[in-house]
Amino acid sequence: MLELESLRSVFPESVYASIAENLDIGKLWEIRLRAGKPVCAWYNGSEYFLTRSGLSHDVSAALCCSSDDVRASVVGASEHSMYAYNDDINRGYITLHGGVRAGICGEVVSDGGKILTVKNYSSVNIRIPHEITGISRCIMPEIPCDLYSFLLLAPPGGGKTTVLRDLARRLSDEGGYNVLIADERAEIACCFRGEAGMDVGRRTDVITGSDKRHAFECALRSVRPDVLITDELFGAEDADIVREAVGCGIAVVASAHSSSPERFAHRALAGKLDGVMDAYFFLRGTGGGMTADKYDRILSRDG
Numbered sequence: 001m002l003e004l005e006s007l008r009s010v011f012p013e014s015v016y017a018s019i020a021e022n023l024d025i026g027k028l029w030e031i032r033l034r035a036g037k038p039v040c041a042w043y044n045g046s047e048y049f050l051t052r053s054g055l056s057h058d059v060s061a062a063l064c065c066s067s068d069d070v071r072a073s074v075v076g077a078s079e080h081s082m083y084a085y086n087d088d089i090n091r092g093y094i095t096l097h098g099g100v101r102a103g104i105c106g107e108v109v110s111d112g113g114k115i116l117t118v119k120n121y122s123s124v125n126i127r128i129p130h131e132i133t134g135i136s137r138c139i140m141p142e143i144p145c146d147l148y149s150f151l152l153l154a155p156p157g158g159g160k161t162t163v164l165r166d167l168a169r170r171l172s173d174e175g176g177y178n179v180l181i182a183d184e185r186a187e188i189a190c191c192f193r194g195e196a197g198m199d200v201g202r203r204t205d206v207i208t209g210s211d212k213r214h215a216f217e218c219a220l221r222s223v224r225p226d227v228l229i230t231d232e233l234f235g236a237e238d239a240d241i242v243r244e245a246v247g248c249g250i251a252v253v254a255s256a257h258s259s260s261p262e263r264f265a266h267r268a269l270a271g272k273l274d275g276v277m278d279a280y281f282f283l284r285g286t287g288g289g290m291t292a293d294k295y296d297r298i299l300s301r302d303g
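Shown next as structure tokens:
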């Protein structure tokens, strides 16, 4: 279990005190700090304003952040060494102990299309990852003898990463498969200084922070996984990489954002993955109540 004390440096003192005194960190998923705005919390499946006495839907009671509070949060997340973390800040996030991610918004400074730095920070979204053991049984009740490739679909925040994390653990520990996680944004295994912050299995290797092309090429050339797991496929290039891996005999389990299977069918990514993925799962609900609709082809319901 993540210790709240490890996050003290990224929260304004009033925010930290309220969380410590009133909330269960096991139910806390996000704290949003916005300059000049009320502090918001995603807690136990719902959004609230954070107050000195806990949570409320009354904005008049909410704690508010100043621009100095937001900057101090970024400084704390970077361990008071913002130069060392400049590349992370430029990518829009810093990964903290336990896989916590501080998403950073601000004014981008660029030169010739290259991002040099970010200044005048406007907000920080502190996302706390959680393990829900067994949540992947909604799509895979038992580990199959023959692996196959499939795609998880859900809106942002719909539980895709949590399911992928549990799948990695089950495929590795229960199925005995060698698993490689291409963890581009350090969200699945939540590695911090080389050690996974989440239980992703005994036979699981993790490549953190690289683009999918590099991770998939490592898989094909040297790591020899049975299954490759990655998050957030987006465009044609990602689809081409998946196609190459599947063509080389590696099962790929991935996710993509979509509000519905019908909307996904109109994306270019769907067309590129046609004939590559063996199944699609659209996730519904949260936590232990999550269910999944299975499609053998996109828009062709299975059963």
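If you read the sequence shown in full-length UniProt numbering, its first letter stands for residue 1, the second for the next number, and so on. Built from N, CA and C at the ideal position, the CB exists for glycine as well. Computed from a prediction, not measured in an experiment: that's the story for all the values here.
Starting from the Cα of residue 229, find the closest Cα among 200, 237, 257 and give me that residue. Looking at the Cα atoms, 200 is the closest of the given residues.
Restricting to Cα atoms, I'd like to know which of 195, 3, 39 is closest to residue 12. 39 is the residue among 195, 3, 39 whose C-alpha sits nearest the C-alpha of residue 12.
If you check the beta carbons only, do residue 63 and residue 7 fall under 8 Å apart? No, they are not a contact pair.
Just to check my reading of the structure: residue 88 and residue 94 have Cβ atoms closer than 8 Å, yes? What is that Cβ distance to the nearest angstrom? That pair is a contact at about 5 Å.
Going by DSSP, name the residue or residues bridged to residue 109. DSSP, once it has assigned bridges, lists 117 as partnering residue 109.
Throw me the rounded Cβ distance for the residue 102 and residue 67 pair, which I believe falls under 8 Å. 16 Å between Cβ atoms; not a contact.
Rounded to the nearest angstrom, what separates residue 206 and residue 50 at their Cα positions? Using only the alpha carbons, I get a separation of about 35 Å.
Using DSSP bridges, identify the partner residues of residue 50. DSSP lists 55 as the bridge partner or partners of residue 50.
Residue nearest to residue 115 in terms of C-alpha spacing, selected from 90, 131, 122: Out of 90, 131, 122, 90 has the C-alpha closest to the C-alpha of residue 115.
Would the beta-carbon of residue 152 fall within 8 Å of that of residue 9? Taking 8 Å as the Cβ cut-off, residue 152 and residue 9 do not qualify as a contacting pair.
Opposite residue 232 in the DSSP bridges: which residues? Bridge partners of residue 232: none, in fact.
Restricting to Cα atoms, I'd like to know which of 79, 162, 48, 69 is closest to residue 59. The shortest C-alpha separation from residue 59 is found at 48.
Please report the residue range of the alpha helix (DSSP H) in which residue 93 lies. Per DSSP, residue 93 belongs to no alpha helix (DSSP H); it is in the beta strand (DSSP E), 93–95.
Straight-line Cα distance separating residue 191 from residue 149: Taking the CA atoms as reference points, residue 149 sits about 25 Å from residue 191.
For residue 292, list the residues DSSP reports as bridge partners. Bridge partners of residue 292: 283.
Which same chain residues end up closer than 7 Å to residue 92 when comparing Cβ atoms and leaving out the 5 residues on each side of it in sequence? Excluding sequence neighbours, residue 92 sits near 103, 104.
Only counting the same chain, and skipping five residues up and downstream in sequence, which positions put a Cβ closer than 6 Å to that of residue 155? A distance below 6 Å between beta-carbons, with the five flanking residues on each side excluded, links residue 155 to the following residues of its chain, in chain order: 259.
For residue 248, the first and last residue of its enclosing beta strand (DSSP E): Taken as a continuous stretch (DSSP letters only), residue 248 belongs to no beta strand (DSSP E), as it is neither H nor E.
Selected residue, minimal CA-CA separation from residue 76, among 54, 20, 16: The shortest C-alpha separation from residue 76 is found at 16.
Beta strand (DSSP E) segment containing residue 16, residue limits: Counting along the chain, residue 16 falls outside any beta strand (DSSP E), though it belongs to the alpha helix (DSSP H) covering 13–22.
From this set, 117, 218, 132, which residue's C-alpha is nearest residue 26's C-alpha? 132 is the residue among 117, 218, 132 whose C-alpha sits nearest the C-alpha of residue 26.
Are residue 251 and residue 272 touching if we call contact CB-CB under 8 Å? The Cβ atoms of residue 251 and residue 272 lie no closer than 8 Å to each other.
Pull the bridge partners of residue 266 from the DSSP assignment, please. In the DSSP output, where bridge partners are listed per residue, residue 266 has none listed.
Which whole runs of the beta strand (DSSP E) in the segment 186–241 are 3 residues long or more, in chain order? Runs of beta strand (DSSP E) with 3 or more residues, each lying fully within the segment 186–241, are found at 204–208, 227–230, listed in chain order.
If you follow the beta strand (DSSP E) that residue 180 is in, where does it begin and where does it stop? That run of the beta strand (DSSP E) goes 179–183.
Apart from the five residues on each side of it in sequence, which residues of its chain come closer than 8 Å, Cβ to Cβ, to residue 30? Cβ within range, chain order: 40, 41, 42, 125, 126, 127, 128.
Report yes if the C-beta distance between residue 197 and residue 134 is below 8 Å; otherwise report no. Note that the C-beta distance between residue 197 and residue 134 is not below 8 Å.
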